[in-house]
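Protein sequences, first through last, are from chains X and B.
If you read the first sequence in this note's numbering, its first letter stands for residue 916, the second for the next number, and so on.
If you read the second sequence in this note's numbering, its first letter stands for residue 54, the second for the next number, and so on.
Single-structure report; data block below.
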Amino acid sequence: MVGERFLENIGASAMSTAREIGGIGVLCGRVMRSLIPPSMDARELVRNMYKMGNMSLPIIVMTAFFTGGLMVIQSGIFVKRFNATGIVGWGTGYAVFREIGPILIALMFSGRVGANNTAELGTMTVTEQLDGLRALSINPIKYLIVPRVVSMVLCLFMLTVIGDLVAIGGGMLFSKLILDVEFSTFYWSLVQNIHIADLTHGLVKSAVFGAAIALTSCHFGISVRGGAVGVGRAVNAAVVAAAVSIMLLDFFLTYLTA
Amino acid sequence: MNFRPRIERIGSSVLDGVDASLDLWRVLTATLFGVFRGRRPKGEVVHQMYQVGNRSLLFVGVTLGFIGMVMIYQTCLQVNRITGDLSQVGGEFAKILVHDFGPTLTAMMLATRVGAGIAAEIGSMKVTEQIDALRMTGVAPIEYLIVPRFLACLSMTLVLAVFGACIAYAAGGLTAYASFGVNPRVFFNPSKIEYVDLILGVTKCVAYGMAIPIISGFCGLRARGSSEGVGWATTAAVIGSSFAVILLDVIISAMGFLFQTGGM
């Protein structure tokens, strides 16, 4: 029967979604519990922050630069038609600080760092290194997961600060090049119309996105089954889950903190 | 001071970059060539279209729906602060969805889902030596593996972008009605969309649909080692195709803008 199989498929995918969400929740609880007296491997934290923060700076900077430019190009038609050069800085700043900046930077971060993290933890899992740690009575959550989660939250937050600045710079440059808006016009339009709340709204989001990316990528990394094929599949599932959770959290945070 | 290792490192990364770009170019030309030669396994394109299209429907629907709601919410908030006239928001949103956000955000989502999927699949085949086995039996791996995915992505990006834009628009209209009391009849107003917007949107879809499978397939074919190599290839595919989407968006939007203002 076609209908029966259809129902079976729906049930199976609902079950597996519920299993993954539950796994992420349990992992979140464990990470929280080992953060209560904040004890973690400091060297591991610094190493992870270097790898996740410094190494992904170039791609984030390039993304942010073009994002700023993109916002200027999109508003270009209105600006040309109504000759409203005074609103370019405000429009770009509003869009970049509140939405586009945090979301695009988080998506790139999830692709660069989250996927990489899943691949690394997944490789460790399939080569039984996590069991090795357990055999040495080292808690893998404390030793491996907690430093990664903390450093992802911090790194994404700081990268978003840098990325916002670069995006504004890119917007300025593009608006000078294609719209012929002076730097000072752009700057004053930005400074006078943007409240500090717009900036903090985006930064709060980016910290939450960092936690979401970290938890999803670690969960899919440590629950890998079945060799190289499994690692590839886990990375795929992790980036998809991270993208969905970024969009969902963005929605709820916008409603809560607007 | 010893400069030699530093210079060597710069030189080797330059050489790697040149090597990778040549490889990427080779994959691109071989794929385009393979499209017209037409020696594909039967039913493979349809199968890939199912994989790329149908299985991304839920993902694209959920993400684009939420982003549509958020965008309308933020825009209405800001418009309320300045003028308070919310009647234009729907029309402008339709325009920007058609010429930019619909295709680009859908493609960003596909770059993570489909790009990672292609790279993981082809990368796993590479490290388990299935690609070499294909070559040994006289089958060109690019023609057999990448061309069907290329055709599937090319068609499905357009379909999913239309689907995603509709979902985002409907979700935005709902938000505007629920949170700001904008009448749906005022919101659903396609009169601002011009032919230029449609042309720009379709051009973007085609460009993204070509870039994502080529870059991801290329990353998959370059996988080395075992499970670690597959992980690296998947990461590189996600980054490469997402960045390609943003870059192509900037290029095509700038060209469209210059064309529009030059013609005005």
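Virtual Cβ for every residue (Gly too), placed ideally from N, Cα, C.
Coarse secondary structure for residue i, derived from DSSP in three states
| i | result |
| --- | --- |
| His1116 (chain X) | helix |
| Thr234 (chain B) | The sequence given here places Gly at residue 234 (chain B); Thr does not occur at that position. DSSP places Gly234 (chain B) in coil when its eight states are reduced to three. |
| Met970 (chain X) | coil |
| Val255 (chain B) | helix |
| Phe1124 (chain X) | helix |
| Arg1140 (chain X) | coil |
| Met317 (chain B) | Its pLDDT being 46, under 50, Met317 (chain B) is placed unreliably by the model, and nothing is read from it. |
| Pro953 (chain X) | coil |
| Lys95 (chain B) | coil |
| Gly1110 (chain X) | The identity of residue 1110 (chain X) in the sequence shown is His, whereas the question assumes Gly. Three-state DSSP puts His1110 (chain X) in coil, outside helix and strand. |
| Thr190 (chain B) | coil |
| Val1064 (chain X) | helix |
| Tyr197 (chain B) | helix |
| Glu923 (chain X) | helix |
| Glu1097 (chain X) | coil |
| Arg275 (chain B) | coil |
| Asn963 (chain X) | helix |
| Asn1054 (chain X) | coil |
| Gly106 (chain B) | coil |
Cβ-based neighbour list, residue i, same chain, cut-off 6 Å, excluding 5 preceding and 5 following
| i | result |
| --- | --- |
| Met317 (chain B) | Any answer about Met317 (chain B) is weak, because its pLDDT of 46 lies below 50 and its placement is not dependable; what the coordinates show is given next. Here the set comprises nothing. |
| Gly1008 (chain X) | Leu1105 and Ile1109 |
| Thr165 (chain B) | Val291 |
Among the options, nearest to residue i - alpha-carbon criterion
| i | options | result |
| --- | --- | --- |
| Asn1151 (chain X) | B:Arg79, B:Phe112 and B:Pro243 | B:Phe112 |
| Thr932 (chain X) | X:Gly1037, X:Gly1147, X:Leu1171 and X:His1134 | X:His1134 |
| Val115 (chain B) | X:Tyr1170, X:Leu1171 and X:Ala1157 | X:Ala1157 |
| Ser1138 (chain X) | X:Leu942, X:Val1081, X:Ser928 and X:Gly1125 | X:Leu942 |
| Glu247 (chain B) | B:Thr181, B:His152 and B:Val123 | B:His152 |
| Leu163 (chain B) | B:Met308, B:Gly309, B:Met263 and B:Val283 | B:Met263 |
| Met986 (chain X) | B:Ser140, B:Thr157, B:Met102 and B:Ile175 | B:Thr157 |
| Ser1132 (chain X) | X:Ile988, X:Ala1034 and X:Ile1020 | X:Ala1034 |
| Gly254 (chain B) | B:Thr287, B:Ile304, B:Glu281 and B:Gly143 | B:Ile304 |
| Lys1176 (chain X) | X:Met1067, X:Ile1018 and X:Thr1038 | Chain X is shown only over 916 to 1173; residue 1176 (chain X) falls outside these bounds and no answer can be derived. |
| Phe89 (chain B) | B:Phe203, B:Gly106 and B:Gly176 | B:Phe203 |
| Phe980 (chain X) | X:Thr1169, X:Gly1086 and X:Leu1163 | X:Gly1086 |
| Ala999 (chain X) | X:Pro952, X:Gly968 and X:Phe1101 | X:Phe1101 |
| Tyr197 (chain B) | B:Gly96, B:Thr128, B:Leu150 and B:Ile60 | B:Gly96 |
| Val961 (chain X) | X:Gly926, X:Pro1062 and X:Tyr1170 | X:Pro1062 |
| Val180 (chain B) | B:Gly282, B:Met209, B:Phe154 and B:Thr82 | B:Gly282 |
| Arg948 (chain X) | X:Leu1094, X:Lys1091, X:Trp1103 and X:Ile1060 | X:Ile1060 |
Neighbour list for residue i in chain B, Cβ cutoff strictly below 8 Å
| i | result |
| --- | --- |
| Ile1109 (chain X) | Residues of chain B passing the Cβ test: none, with the nearest at roughly 11 Å. |
| Asn1031 (chain X) | Gly284, Trp285 and Thr288 |
| Leu1022 (chain X) | Met161, Thr165 and Ser295 |
| Gln989 (chain X) | Ile149, Asp153 and Ser306 |
Where the alpha helix (DSSP H) through residue i begins and ends
| i | result |
| --- | --- |
| Val87 (chain B) | In the sequence on display, residue 87 (chain B) carries Gly and not Val. Note, Gly87 (chain B): alpha helix (DSSP H), Arg57 to Arg90. |
| Leu1019 (chain X) | Gly1016 to Phe1024 |
| Phe241 (chain B) | Neither: Phe241 (chain B) is in no alpha helix (DSSP H) and is coded neither H nor E. |
| Asn1032 (chain X) | Ala1030 to Val1041 |
| Phe146 (chain B) | Val142 to Ile149 |
| Asn998 (chain X) | Here Asn998 (chain X) belongs to no alpha helix (DSSP H), and DSSP marks it neither H nor E. |
| Thr116 (chain B) | Leu110 to Ile135 |
| Glu174 (chain B) | Ala169 to Val180 |
| Thr157 (chain B) | Gly155 to Leu163 |
| Arg1049 (chain X) | Gln1044 to Ala1050 |
Amino acids of chain X, ordered along the chain, whose beta-carbon sits closer than 9 Å to that of residue i
| i | result |
| --- | --- |
| Ile120 (chain B) | Glu1014, Ile1018, Met1162, Asp1165 and Phe1166 |
Cβ neighbours of residue i in the same chain (closer than 8 Å, five flanking residues each side left out)
| i | result |
| --- | --- |
| Phe1012 (chain X) | Asp1079, Ile1109, Asp1113, Leu1114, His1116 and Gly1117 |
| Ile135 (chain B) | none |
| Arg80 (chain B) | According to the sequence provided, residue 80 (chain B) is Val. The question's Arg does not apply to it. The answer, listed in chain order, is Ile195, Ile199, Ile267, Gly270, Phe271 and Leu274. |
| Ser990 (chain X) | Ile1002, Val1003, Gly1006 and Thr1007 |
| Met964 (chain X) | Ser1066, Leu1069 and Cys1070 |
| Ala169 (chain B) | Ser269, Thr287, Ala290 and Val291 |
| Arg1049 (chain X) | Pro1055 |
Chain-ordered neighbours of residue i on chain X, where CB pairs are closer than 7 Å
| i | result |
| --- | --- |
| Ala173 (chain B) | Gly1147, Arg1148, Val1150 and Asn1151 |
| Asp302 (chain B) | Leu985 |
| Ser279 (chain B) | Ala1143 |
| Gly170 (chain B) | Asn1151 |
Beta-carbon neighbours of residue i, restricted to chain X and to distances below 8 Å
| i | result |
| --- | --- |
| Leu163 (chain B) | Residues of chain X passing the Cβ test: none, with the nearest at roughly 10 Å. |
| Met209 (chain B) | What Met209 (chain B) touches in chain X: nothing, since even the nearest Cβ is about 16 Å away. |
Cβ neighbours of residue i in the same chain (closer than 7 Å, five flanking residues each side left out)
| i | result |
| --- | --- |
| Leu1045 (chain X) | Met1039, Pro1055 and Ile1137 |
| Asn228 (chain B) | The sequence shown places Thr at residue 228 (chain B), rather than the Asn named in the question. Contacts found: Met122, Ile125 and Tyr126. |
| Glu919 (chain X) | none |
| Leu251 (chain B) | Val151 |
Listed by chain order, chain B residues near residue i by CB distance under 9 Å
| i | result |
| --- | --- |
| Glu905 (chain X) | Any property of residue 905 (chain X) remains undetermined from this structure, which presents chain X solely from 916 to 1173. |
| Phe981 (chain X) | Phe296, Ile299, Leu300, Asp302 and Val303 |
Closer than 7 Å at the beta carbon, the chain B residues around residue i
| i | result |
| --- | --- |
| Thr1100 (chain X) | Ordered by position in chain B, no residue passes the 7 Å Cβ test against Thr1100 (chain X), which lies about 18 Å from the chain. |
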